[in-house]
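Engineer:
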Amino acid sequence: MKNSLLLLAAAMLFTAIACQKNNSLTDIQNDTTEAHIIRAYLTDTYGFSPENIEETADAFIVEGDQVFPKANFWEDYGMSSHNEFFVEAAHEEGTASDRKHYRSSYLVTSTPKIIKLNVHSSVPQSWRWAIVAALVEWNELDGKFKFEGMNSNNLVDGAINFRMHDLLPDDVVARGTYPTSNGKPGNLIEINSHHNYMVHSQKIFAIIHEIGHNIGLRHTDDGLGTLITNVSNSCKNNADHNSVMQPYVDLWDDFTTCDKEAYEALYPN
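Under my numbering, think of the first position of the sequence shown as 31, with each following residue one higher.
#1: Give me the Cα-Cα distance between L218 and S264, rounded to the nearest whole angstrom.
#2: By the three-class DSSP mapping on this structure, what secondary structure does T256 have?
#3: Just the C-alpha distance for I67 and G108, rounded to the nearest angstrom, thanks.
#4: Taking the CB atoms as reference points, tell me whether I190 and N226 lie closer together than 7 angstroms.
#5: Would you mind sorting L197 into buried or exposed? The rule is 16 or more other CB atoms within 10 Å of its CB.
#6: Do the CB positions of I238 and A295 come within less than 7 angstroms of each other?
#7: Return the residue from the list H224, L137, T207 and P298 that minimises the CA-CA distance to A101.
#8: Between which two residues does the alpha helix (DSSP H) harbouring Q232 extend?
#9: Note down, in chain order, each residue of its chain lying with its Cβ closer than 6 angstroms to the Cβ of G242, except the 5 sequence neighbours on either side.
#10: Using the Cα positions of N281 and G94, report the straight-line distance between them to the nearest angstrom.
#11: Report, in whole angstroms, the separation of the C-beta atoms of H131 and A292, which I expect to be a contact under 8 angstroms.
#12: Can you list, in chain order, the residues of its chain with a C-beta nearer than 7 angstroms to that of R158? Leave out the 5 residues immediately preceding and following it.
#13: Is T139 helix, strand or coil by DSSP?
#14: If we ignore side chains and look at the alpha-carbon of each, how far apart do S152 and R193 end up?
#15: Is DSSP giving L296 helix, strand or coil here?
#16: For a quick check, are the C-beta atoms of I234 and A163 less than 7 angstroms apart?
#17: In the DSSP output, what is H224 paired with across the bridge?
#18: Would you grab the beta carbon distance between A89 and F78 for me? Rounded to a whole angstrom, and I think it's under 8 angstroms.
#19: Any idea what DSSP makes of F103, helix, strand or coil?
#20: Roughly how many whole angstroms lie between the Cα atoms of K176 and I144?
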């Protein structure tokens, strides 16, 4: 989410940067080629607009808040596992037919029906309260998964790990990762410490939004991704301006009817 309090959780893999020897011209060219291949893949397969893809040292950041770590990119997001499906052709943004709910390429299919929300000690109490409130709101939807909180400074495999980050762009409230090809939820949500001033209701909205990304929901009405079609005709054909998956932060009120239908369609109890 961008400035309107761009809510969205970030996922930045904490990969150690090794001391590097002088690279040959061939090595540099290969690195550049790999980056171009990944960019093209994110554009052609996932439907992202090239101008919305930013490259950092460790990841590709899409629309400010959706993170694809470079480490193990093809293993996590390539189309080569039992969990794969082929994304529909990218839709032209802005058309009436694109005003719907969308999903990412992979969903959470791992066996446990409990998803842990692991909170690092760097997360201040005000954000902890928001994470607990978001956990309660998701659980009240009574879908396939139950969310439970825990506290550890280690990255827990299979959990959604919350960390603070003070170097995110000012217009990014948070950013997260999508589920990977092995059926696990996106493993990280990073919260911008520069947005600690936000009121409690906005923080809840932001956390709920980011958890949505980490279990496979994309931005509502974007026209990008794979359509969630097994919902009511109303949700198939109308914009959902108040959806929690809109790319901005608002005051939390409740999931919209179509938010609830989209979640139920992906993760029925």
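We put the CB at the ideal spot given by N, CA and C, even for glycine.
Structural biologist: Straight from the coordinates:
#1: 33 angstroms
#2: In the structure shown, the three-state DSSP call for T256 is strand.
#3: Answer to the nearest angstrom: the Cα atoms are 12 angstroms apart.
#4: no
#5: exposed
#6: no
#7: T207
#8: Taken as a continuous stretch (DSSP letters only), the alpha helix (DSSP H) holding Q232 covers H230 to N244.
#9: M275
#10: The sequence as given places Leu at residue 281; Asn does not occur at that position. Cα to Cα, the separation comes out at about 20 angstroms.
#11: 4 angstroms
#12: Only V149 meet the Cβ criterion.
#13: coil
#14: 6 angstroms
#15: The DSSP-derived three-state label of L296 is helix.
#16: yes
#17: Paired residues: none, contrary to the question.
#18: That belief does not hold up - the Cβ atoms of A89 and F78 are roughly 14 angstroms apart, past 8 angstroms.
#19: helix
#20: 5 angstroms
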